[in-house]
Amino acid sequence: MLILVSAAVALIAVAFAAFRRERSLYIYAAAYVCAGLGSTIMLWQGSRGSLLSVSAASLLDAAFQLCLAWGLRTSLGHPRPWPRRFGLYLAICLLCQILFGGASMLRAASMSLFAILLAAEFLVALEGGRPTIAAFMRRSAWVVALVYMGGFMLRFILILAFRDSGAMAMDQDLVGSYTVGLLVFFSVLWGGLVIGLDISALLGELERRNRSLAELATTDKLTGLGNRHHLESVVAAEMERAGRYPQPLSLVLLDLDHFKHVNDAWGHERGDGVLVRAASLSRGMIRDTDRIFRWGGEEFLVLAPHTDLDGAAVLAEKIRRALSDELHPKVGTVTASLGVTQWKPGEGLGELFRRVDRALYRAKRGGRNRVACLGPEEYSQQSLVRLELQAELESGNRLIDDEHRVLLELAQDFLDLPPDSPPSTLGPYFQRLIDTAVRHFADEEGLLSLAAFPRLAEHAELHRRLVAELNGLGSRLLAGQMDLGEFCGFLVDDLILGHIQAEDVKFFALTRVTGPKGAARGMRSTPP
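Each residue of the sequence shown is one higher than the last, beginning at 1035 in the working numbering.
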């Protein structure tokens, strides 16, 4: 029976090893091959085998136990899975066979103690892998090993009890039957334990990989912050909580100023370093209850539960100050613009994100390196469109494209104003717009002159007419003689869309270094 059990478990271990292709499973399979061979030799030698056969069987039994510890140490990644003392154990086992060759009782007693020692090695290997083994499997392994050690201790006691019987201990029915039963029982139990440990390790590895995948799905790899996918689920949950237990909830969206210039001037490696440091500084400014996420690119979003608009503005100012005070190696100071808003009960995620995005744009248009707040009531009066410079309408010259974007932002300021805004409040908006337009037209004409644009004179005349018309309409607007909506129509249709799309594209072939080919498709107006 012992041979059949050992052979069956060995076949299962070999099949499992072939399927899993794990080195530790091959070692476990070798352990049961040793157990099967040792049992076969014991059966063939009869009641009085030769010293050679008895020694071989004992050595195979010792190898069985050592292979169990060896396999466990291998699966747990021990640096020395087969330590030198394992070879010493085999040498001691062989020495005992030689010394006690004529005294079967002493030989059997010594092998019982030796089995207890080798089982202890299994426990040593088990404790070395404590963090990676499930608690249930570790407790089960301890139970099996301790019961095994107890079984052989009882065998040792039984052998000593028969020492005066005049017969060899292994010839006694009680001791012989007990030994065979003990070996059969633990052959099956050790096999189940080995397979259980392997399955536990497999499940543990699967769980670790699932955690890694979950972390990859929810964490930004560069900064270690939550990513946008994770952000949306967390913000939605906080909105639901804030609605159930009426509490304020605010968002702070920050954008590093002129970050593209950092990458262009110093390279992406330096740029990544700035992003990582900015994320760390911002995270250090928030409370334990707040959460910070990477919104995308050089933008970060702070979720501040139990915080109203004023409190979030204070938090944003702390972050702004910390970023502006930081001196990055080689790069220097990189400031940030921050937009702040507060959630309005009943509104959706998209509306909240659009409002904080508009607050950020307000901070940028205000000169950058500042905080701008936008409350729910104020946003209800905002424009439903946003002007954006499409890639196909980029000239390829950084100065011209940057100035075009500023013109778009200034035009967006007018679109965002309440329709009934008093004329007395519009002066600063108009002054920034006319100053920027005049400066841009002058810069553009200078560049086109250097590029030998053949239609420069015609283009400059268009600039002169636009400035004259803009001044005339602006004067009427500020005098209360023109509707704000009509003025915005001129900005979009004539100054922005009409001029850039219809006229500026004519010189793009001279200024583009790289970029999309073909005719411009137009300016996009999208929901903010």
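The beta carbon of each residue, even a glycine, is placed where N, CA and C say it ideally should be.
Nearest residue (CA-CA) to Leu1309, options Glu1495, His1438, Thr1257 and Leu1349: Here the closest residue by C-alpha is Thr1257.
For Ala1554, which residues from the same chain have a beta carbon less than 7 Å from its beta carbon, with the 5 sequence-adjacent residues on both sides left out? Confidence at Ala1554 is low in this model, with a pLDDT of 33, below 50, so its placement is unreliable and the value that follows should be read with caution. Answer for Ala1554: Glu1426, Leu1427, Gln1535 and Val1539, listed in chain order.
Just to confirm, are Arg1119 and Ser1146 a CB contact at a threshold of 8 Å? It is not a contact, given that the beta carbons lie outside the stated cut-off.
Give the secondary structure of Arg1328 by DSSP, where H, G and I count as helix, E and B as strand, and everything else as coil. It is a strand residue.
Taking 8 Å as the threshold (C-beta atoms), are Phe1541 and Leu1496 in contact? Their beta carbons are not under 8 Å apart, which means Leu1496 does not touch Phe1541 by this criterion.
Identify the residues that DSSP records as bridge partners of Ala1338: which are they? Bridge partners of Ala1338: Ser1284.
Inter-residue Cα distance where the pair is Met1319 and Val1348: For Met1319 and Val1348, the distance between alpha carbons rounds to 11 Å.
Helix, strand or coil: how does DSSP classify Leu1372 here? Residue state for Leu1372 is assigned as strand, using DSSP reduced to three classes.
Anyone know if the C-beta pair for Ala1568 and Leu1231 falls short of 8 Å? With the chain running from 1035 to 1562 in the structure shown, residue 1568 is simply not present.
Rounded to the nearest angstrom, what separates Ser1414 and Gln1281 at their Cα positions? Only weak support exists for where Ser1414 lies, its pLDDT of 48 falling under 50; the value from the coordinates is given anyway. Our two residues, Ser1414 and Gln1281, have alpha carbons roughly 21 Å apart in a direct line.
Spell out the partners DSSP gives His1263 in its beta bridges. Answer by DSSP bridge pairing: none, since His1263 is not bridged.
Return the CA-CA distance between Arg1304 and Arg1396, expressed in angstroms with no decimal places. Taking the straight line joining both Cα atoms gives about 28 Å.
For Ala1406, which beta-bridge partners are listed by DSSP? Gly1373, per the DSSP bridge assignment.
Cross-strand partners of Glu1333 (DSSP beta bridge): Per DSSP, the beta-bridge partners of Glu1333 are Asp1289 and Gly1330.
Every unbroken alpha helix (DSSP H) inside the region 1415–1494 [4 residues or more]: Counting only runs of 4+ residues, the alpha helix (DSSP H) found wholly inside the region 1415–1494 occupies 1432–1450 and 1461–1484, in chain order.
Residue from Asp1391, Pro1457 and Ser1509 with nearest C-alpha to Val1286: Taking each of Asp1391, Pro1457 and Ser1509 in turn and checking the Cα distance to Val1286, the smallest one comes out for Asp1391.
Under 8 Å, with one C-beta from each stretch per pair, do the region 1488–1508 and the region 1439–1451 reach the 3-pair mark? No, they do not touch.
Apply the 10 Å Cβ neighbour rule to Pro1363 and answer buried if 16 or more other Cβ atoms are within range, or exposed otherwise. Answer is exposed; the Cβ neighbour count stays below 16.
The region 1486–1493 contacting the region 1449–1469, beta-carbon criterion three pairs below 8 Å: Judged by Cβ distances under 8 Å, the region 1486–1493 makes no contact with the region 1449–1469, as fewer than three pairs qualify.
Look at Tyr1066 and Leu1100 and say whether their C-beta atoms are less than 8 Å apart. Their beta carbons are not under 8 Å apart, which means Tyr1066 does not touch Leu1100 by this criterion.
Have a look at Leu1288 and Leu1335 and give me their C-alpha separation to the nearest angstrom. Near 6 Å, if we compare the C-alpha coordinates of Leu1335 and Leu1288.
So the candidates are Gln1465, Ala1159, Cys1407 and Leu1383; which of them puts its Cα closest to the Cα of Val1374? The shortest C-alpha separation from Val1374 is found at Cys1407.
Suppose you measure from the CA of Leu1102 to the CA of Val1222; what does that come to, to the nearest Å? Leu1102 and Val1222: Cα-Cα distance of roughly 13 Å.
What does the alpha-carbon distance come out to for the pair Asp1435 and Gln1465? Spanning the two alpha carbons is a distance of roughly 21 Å.
Flag this pair as yes or no: are the beta carbons of Arg1311 and Glu1360 separated by less than 8 Å? The Cβ atoms of Arg1311 and Glu1360 lie closer than 8 Å to each other.
Is the beta carbon of Leu1259 sitting closer than 8 Å to the one on Ile1326? Taking 8 Å as the Cβ cut-off, Leu1259 and Ile1326 qualify as a contacting pair.
Leaving out the 5 sequence neighbours to the left and right, which residues in its chain are closer than 6 Å to Met1183 when beta-carbon positions are compared? Closer than 6 Å at the Cβ level, and outside the excluded window around Met1183, lie Ile1150 and Ala1153.
Is the beta carbon of Glu1385 sitting closer than 8 Å to the one on Leu1337? One thing to note: Glu1385 has its Cβ no nearer than 8 Å to the Cβ of Leu1337.
Among all the DSSP beta bridges, which residues are the ones paired with Gly1366? Gly1366 pairs with His1362.
Could you check where the alpha helix (DSSP H) with Arg1189 kicks off and where it finishes? Counting along the chain, Arg1189 sits inside the alpha helix (DSSP H) bounded by residues Ala1169 to Ala1195.
For Thr1253, which three-state DSSP category applies? It is a strand residue.
Which residues mark the beginning and the end of the alpha helix (DSSP H) in which His1302 is found? Per DSSP, His1302 belongs to the alpha helix (DSSP H) from His1302 to Met1319.
If you count every other CB in all the chains shown that lies within 10 Å of the CB of Ala1049, and 16 or more means buried, which is it? Exposed.
Tell me which residues share the same chain as Val1140 and place their Cβ nearer than 6 Å to its Cβ, disregarding the 5 neighbours each side in the sequence. Looking at the sequence shown, residue 1140 is not Val but Leu. Correct list, in chain order: Phe1134.
Taking the alpha helix (DSSP H) that Ala1397 falls in, what are its first and last residues? Looking at the DSSP string, the run of the alpha helix (DSSP H) that includes Ala1397 is Leu1383 to Arg1399.
Taking only the alpha-carbon atoms, compute the straight-line gap between Pro1561 and Ser1429 and give it to the nearest angstrom. Interpretation of Pro1561 is limited by its pLDDT of 39, a score under 50 that renders its predicted location unreliable; the figure taken from the coordinates is listed afterwards. Near 25 Å, if we compare the C-alpha coordinates of Ser1429 and Pro1561.
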